[in-house]
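Shown next, in structure tokens, is the structure this report addresses.
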Amino acid sequence: MNGLSNLVESAAASLAFVRQRCPRVHCLMNTVVQKFVADGLAALGAIPSMTSSPEEVEAFARRADALVVNLGTLNEERRTVIRLATSVACDARKPWIVDPVHCDYSPSRLAFARELIEVGPAVVRGNASEMELIGDVDGVLRIKTGPVDELRLDPDAVRVANGHPLMAQVTGTGCLSGALIAAFMAVEPDRLIAATGALLTSGIAAEMAAKRSSGPGTFEAAFRDALAALRPEDIIANARISHAQG
Amino acid sequence: MNGLSNLVESAAASLAFVRQRCPRVHCLMNTVVQKFVADGLAALGAIPSMTSSPEEVEAFARRADALVVNLGTLNEERRTVIRLATSVACDARKPWIVDPVHCDYSPSRLAFARELIEVGPAVVRGNASEMELIGDVDGVLRIKTGPVDELRLDPDAVRVANGHPLMAQVTGTGCLSGALIAAFMAVEPDRLIAATGALLTSGIAAEMAAKRSSGPGTFEAAFRDALAALRPEDIIANARISHAQG
Amino acid sequence: MNGLSNLVESAAASLAFVRQRCPRVHCLMNTVVQKFVADGLAALGAIPSMTSSPEEVEAFARRADALVVNLGTLNEERRTVIRLATSVACDARKPWIVDPVHCDYSPSRLAFARELIEVGPAVVRGNASEMELIGDVDGVLRIKTGPVDELRLDPDAVRVANGHPLMAQVTGTGCLSGALIAAFMAVEPDRLIAATGALLTSGIAAEMAAKRSSGPGTFEAAFRDALAALRPEDIIANARISHAQG
Numbered sequence: 652m653n654g655l656s657n658l659v660e661s662a663a664a665s666l667a668f669v670r671q672r673c674p675r676v677h678c679l680m681n682t683v684v685q686k687f688v689a690d691g692l693a694a695l696g697a698i699p700s701m702t703s704s705p706e707e708v709e710a711f712a713r714r715a716d717a718l719v720v721n722l723g724t725l726n727e728e729r730r731t732v733i734r735l736a737t738s739v740a741c742d743a744r745k746p747w748i749v750d751p752v753h754c755d756y757s758p759s760r761l762a763f764a765r766e767l768i769e770v771g772p773a774v775v776r777g778n779a780s781e782m783e784l785i786g787d788v789d790g791v792l793r794i795k796t797g798p799v800d801e802l803r804l805d806p807d808a809v810r811v812a813n814g815h816p817l818m819a820q821v822t823g824t825g826c827l828s829g830a831l832i833a834a835f836m837a838v839e840p841d842r843l844i845a846a847t848g849a850l851l852t853s854g855i856a857a858e859m860a861a862k863r864s865s866g867p868g869t870f871e872a873a874f875r876d877a878l879a880a881l882r883p884e885d886i887i888a889n890a891r892i893s894h895a896q897g
Numbered sequence: 652m653n654g655l656s657n658l659v660e661s662a663a664a665s666l667a668f669v670r671q672r673c674p675r676v677h678c679l680m681n682t683v684v685q686k687f688v689a690d691g692l693a694a695l696g697a698i699p700s701m702t703s704s705p706e707e708v709e710a711f712a713r714r715a716d717a718l719v720v721n722l723g724t725l726n727e728e729r730r731t732v733i734r735l736a737t738s739v740a741c742d743a744r745k746p747w748i749v750d751p752v753h754c755d756y757s758p759s760r761l762a763f764a765r766e767l768i769e770v771g772p773a774v775v776r777g778n779a780s781e782m783e784l785i786g787d788v789d790g791v792l793r794i795k796t797g798p799v800d801e802l803r804l805d806p807d808a809v810r811v812a813n814g815h816p817l818m819a820q821v822t823g824t825g826c827l828s829g830a831l832i833a834a835f836m837a838v839e840p841d842r843l844i845a846a847t848g849a850l851l852t853s854g855i856a857a858e859m860a861a862k863r864s865s866g867p868g869t870f871e872a873a874f875r876d877a878l879a880a881l882r883p884e885d886i887i888a889n890a891r892i893s894h895a896q897g
Numbered sequence: 652m653n654g655l656s657n658l659v660e661s662a663a664a665s666l667a668f669v670r671q672r673c674p675r676v677h678c679l680m681n682t683v684v685q686k687f688v689a690d691g692l693a694a695l696g697a698i699p700s701m702t703s704s705p706e707e708v709e710a711f712a713r714r715a716d717a718l719v720v721n722l723g724t725l726n727e728e729r730r731t732v733i734r735l736a737t738s739v740a741c742d743a744r745k746p747w748i749v750d751p752v753h754c755d756y757s758p759s760r761l762a763f764a765r766e767l768i769e770v771g772p773a774v775v776r777g778n779a780s781e782m783e784l785i786g787d788v789d790g791v792l793r794i795k796t797g798p799v800d801e802l803r804l805d806p807d808a809v810r811v812a813n814g815h816p817l818m819a820q821v822t823g824t825g826c827l828s829g830a831l832i833a834a835f836m837a838v839e840p841d842r843l844i845a846a847t848g849a850l851l852t853s854g855i856a857a858e859m860a861a862k863r864s865s866g867p868g869t870f871e872a873a874f875r876d877a878l879a880a881l882r883p884e885d886i887i888a889n890a891r892i893s894h895a896q897g
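Chains as they are written, first to last, in the working numbering: chain A, 652 to 897; chain B, 652 to 897; chain C, 652 to 897.
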């Protein structure tokens with residue numbers, strides 16, 4: 652990494668790539684936020700798909716450019732489906748990300764998250780409680796999101812401070828950030844650049860949306876508008892990024 | 652069909668019938684857009700139901716006035732449920748529509764779409780890629796939706812040019828149009844009039860909504876407002892309709 | 652109950668408790684409105700969870716402060732899950748509520764609603780058709796919601812007249828009111844006060860939202876904004892409450 656301003660410029664360029672190339676992102680997404688995530692990807696210019704049936708998931712994973720595996724509303728069938736899809740992604744060397752939602756609530760979910768991380772995702776993303784349980788993982792970019800996001804892939808460690816407190820009142824903003832990271836990885840092979848691009852896009856769009864909102868409901872609509880309108884130059888002008896401590 | 656202006660007048664009248672009669676529409680709908688479709692039907696004045704369990708679907712299908720079968724997020728249980736519900740609809744001569752979502756992604760889904768079309772829906776609706784795979788079907792009204800919608804039922808062929816590009820950034824507008832067609836068929840026995848009414852309603856509402864929007868998020872809310880507010884005279888004043896080439 | 656003005660004051664205070672204590676509410680919620688309900692709870696300050704898999708539901712129910720059991724999109728697995736979760740709630744003396752959605756459509760769903768009510772929820776809430784079938788139940792607070800809500804727990808009977816007709820055009824407002832009642836019960840042991848607080852909150856927020864709306868789509872966003880902004884003094888100033896007839 653040649654310094655933070657290079658990282659921001661590359662991250663901004665990756666937004667332009669997403670808009671040009673319209674990558675397909677297959678989402679194994681909890682049932683709560685499927686439409687919110689699909690709409691967020693569509694606002695960005697990506698093409699979402701969501702099916703999670705055992706007989707169809709491999710065909711969808713093969714057509715996708717990247718995969719996001721979200722562990723919300725997990726059950727036995729969904730475990731089977733996730734194993735099938737991640738196997739397709741690994742064989743075809745497509746980037747994929749694990750989002751271990753609420754692995755701090757359920758021991759069986761934590762065990763499955765660890766099983767998946769062994770398989771070799773490019774990225775794992777969670778909140779502070781989730782990432783504390785996940786711990787250190789060699790060769791995987793670890794992202795802890797919150798008021799400030801932290802990205803760690805030895806020897807790099809970056810903090811992204813963009814965002815807005817209203818995001819915490821909208822169910823699914825964390826899940827969406829996982830899907831956006833997948834979309835950026837589909838067009839940018841350096842996953843630190845890709846994830847930084849996704850988190851800056853989401854955080855700066857949230858800041859723009861908050862100015863047009865009077866609460867979480869109008870914020871959610873304005874956030875989608877801002878995701879659709881955001882330009883690479885907005886990222887360069889508004890990025891708040893720093894080196895993280897070791 | 653006695654000319655296009657008669658078709659538009661009948662289509663506008665069918666919107667008035669939906670608002671008066673509040674038909675029940677049972678939706679076997681992919682899990683992604685269930686609330687969006689239910690809200691769109693409610694804005695129109697119809698009464699949606701959504702259950703898709705084998706032990707309950709027949710009771711719900713019997714109470715419904717029309718049925719929409721959407722193949723998104725298909726799995727084995729959903730196939731069973733769809734067979735049960737379409738059997739009830741056929742026995743009771745209730746109108747139903749098949750929406751073969753993403754049948755171009757998965758061979759097993761395409762095979763199931765073809766099986767269903769043999770059973771005898773009134774309408775099949777998809778995008779260009781999906782409808783190309785479905786091909787010609789005797790006795791079924793085929794609708795290809797996109798920037799311009801095409802409706803074909805020999806010897807008639809009609810094009811509806813209303814709509815707005817923001818619809819493509821909102822997940823579920825295609826799925827909703829299938830549900831709206833079912834609602835119109837519940838009150839108008841001529842399916843070409845019914846489907847034309849549904850597509851004009853959706854397309855003109857989208858045009859009105861786009862004027863009040865600053866992106867896909869505010870557009871989605873304004874589109875629902877416009878669906879609730881649209882009047883038959885708005886259809887007559889704004890319809891852009893023509894004969895399609897053979 | 653020491654008169655209606657005391658009830659309103661206590662109900663308003665319970666809104667303050669929810670905002671302070673941020674209770675966890677586990678929702679066994681139909682798949683249609685999961686995000687809408689999660690967002691409504693989050694706007695109130697509560698922490699929603701939604702998983703409904705047999706292997707995880709007990710861990711989630713144990714961490715929750717209250718439980719809402721909604722019978723929409725019911726199937727066999729969901730029945731198993733509901734039995735597991737309500738058993739945890741009963742053992743730990745956590746408050747829970749049953750919402751027998753559409754039990755008037757399906758005999759098997761009505762039978763299951765009756766089975767659950769035997770187990771001992773604090774509250775059962777439905778619309779007029781549903782509550783007529785449920786009938787009288789000893790020791791359970793019965794709530795019939797509609798243009799005017801009625802709450803009955805012998806010898807008390809209260810009517811809440813706040814609300815707005817646009818609520819009926821938004822899929823899930825009834826389901827959300829069940830979840831809000833659970834959130835209020837998590838912080839207020841008197842369930843009549845808790846449920847009154849939840850229904851006043853929802854109804855007054857809807858009245859505020861309607862003033863900023865031009866239809867059901869903009870109303871839904873404004874309603875979430877109003878849920879987030881509503882203060883105890885708004886409840887005291889705007890409550891429309893009366894004794895119900897016997």
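Ideal Cβ positions, reconstructed from N, Cα and C, are used throughout, including at glycine.
Local Cβ density within 10 Å of N681 (chain B), reported as buried at 16 or more and exposed below that: buried
For E871 (chain A), is the classification buried or exposed, using 16 other Cβ atoms within 10 angstroms of its Cβ as the cut-off for buried? buried
Please report the Cβ distance between L784 (chain C) and C754 (chain C), rounded to the nearest whole angstrom; I am assuming they are in contact, meaning their Cβ atoms lie under 8 Å. 6 Å
On a CA-only basis, which of B:R765, B:S757, B:P751, B:G771 is nearest A743 (chain B)? Give me that one, please. B:G771
Proximity test, Cβ basis, 7 Å: A797 (chain C) and chain B: Here residue 797 (chain C) is Gly; the residue named in the question, Ala, does not match the sequence. Chain B contact via Cβ: absent.
Counting only Cβ pairs nearer than 8 Å, list the residues of chain A close to D885 (chain C). Going along chain A, no residue has its Cβ under 8 Å from D885 (chain C), so there is no contact; the nearest lies around 14 Å.
Apart from the five residues just before and just after D690 (chain C), which ones in its own chain have a Cβ nearer than 8 Å to its Cβ? R875
Is the distance from the Cβ of V719 (chain C) to the Cβ of C678 (chain C) below 7 Å? yes
Hey, how far is the Cα of L761 (chain C) from the Cα of M782 (chain C)? 11 Å
Cut-off 8 Å between Cβ atoms - residues of its own chain near A693 (chain A), not counting five sequence neighbours on either side: P699
Can you check whether the CB of V676 (chain A) is closer than 7 Å to the CB of A717 (chain A)? yes
Let me know if A877 (chain A) comes out buried or exposed under the rule of 16 or more other beta-carbons within 10 Å of its beta-carbon. buried
Report the rounded CA-to-CA distance for Q896 (chain C) versus A808 (chain C), giving the unit in angstroms. 7 Å
Given S759 (chain B), which residues of its chain have a CB within under 6 Å of its CB, disregarding the five upstream and five downstream residues? none
What number of angstroms, rounded off, separates the C-alpha of S703 (chain A) from the C-alpha of F711 (chain A)? 9 Å
Neighbour flag for S759 (chain B) against chain A, beta carbons, 7 Å: yes
Just curious, the beta strand (DSSP E) that E801 (chain B) is in, first and last residue? 800 to 804
Residues of its chain near L725 (chain C), where Cβ-Cβ distance is below 6 Å and the 5 sequence neighbours each way are ignored: R760
Does chain A have any CB closer than 7 Å to the CB of A879 (chain B)? no
With 16 other Cβ atoms within 10 Å as the buried cut-off, status of G790 (chain A): exposed
Contact between the region 795 to 806 of chain C and the region 764 to 778 of chain C is defined here as three or more beta-carbon pairs at a separation below 8 Å; is this criterion met? yes
On the DSSP bridge assignment, give the partners of K795 (chain A) in chain order. A:G777, A:E801
Nearest residue (CA-CA) to P746 (chain A), options A:F763, A:R714, A:E728: A:R714
Suppose contacts are defined by Cβ-Cβ distances below 7 Å. Is V684 (chain B) in contact with K862 (chain A) by that definition? no
Using C-beta distances below 6 Å, list every residue in its chain close to D750 (chain B), excluding the 5 sequence neighbours before and after it, in chain order. N721, R776, G829
Report the partner residues of D789 (chain B) according to the DSSP bridge assignment. Looking at the DSSP assignment, D789 (chain B) forms no beta bridge with any residue, so it has no partner.
So, with DSSP's three-state summary, where would you put M652 (chain B)? With a pLDDT of 48 at M652 (chain B), under the threshold of 50, the modelled position of that residue is not reliable, and the figure given next carries that caveat. Three-state DSSP puts M652 (chain B) in coil, outside helix and strand.
Would D850 (chain B) pass as a contact of A890 (chain B) if the rule is Cβ separation under 7 Å? In the sequence on display, residue 850 (chain B) carries Leu and not Asp. No. Outside cutoff.
Here's the rule I'm using: 16 or more other beta-carbon atoms within 10 Å means buried, otherwise exposed. How should G723 (chain C) be labelled? buried
Residues sharing a beta bridge with V749 (chain C), DSSP: C:V720, C:V775
Alpha carbon to alpha carbon, how far is A662 (chain A) from E884 (chain A)? Give it in angstroms, no decimals. 11 Å
Is the beta carbon of S656 (chain C) sitting closer than 7 Å to the one on E839 (chain C)? no
Can you tell me the Cα-Cα spacing of T822 (chain A) and S757 (chain A), whole angstroms? 20 Å
Is the beta carbon of A819 (chain C) less than 7 Å from the beta carbon of I832 (chain C)? no
How close, in whole Å, do the beta carbons of G866 (chain C) and V811 (chain C) come, if the pair is a contact with beta carbons under 8 Å? Contact flag wrong, Cβ pair sits at about 25 Å.
Which residues in the same chain as R803 (chain C) place their Cβ atom closer than 6 Å to its Cβ, once the five residues preceding and following it in sequence are excluded? R793
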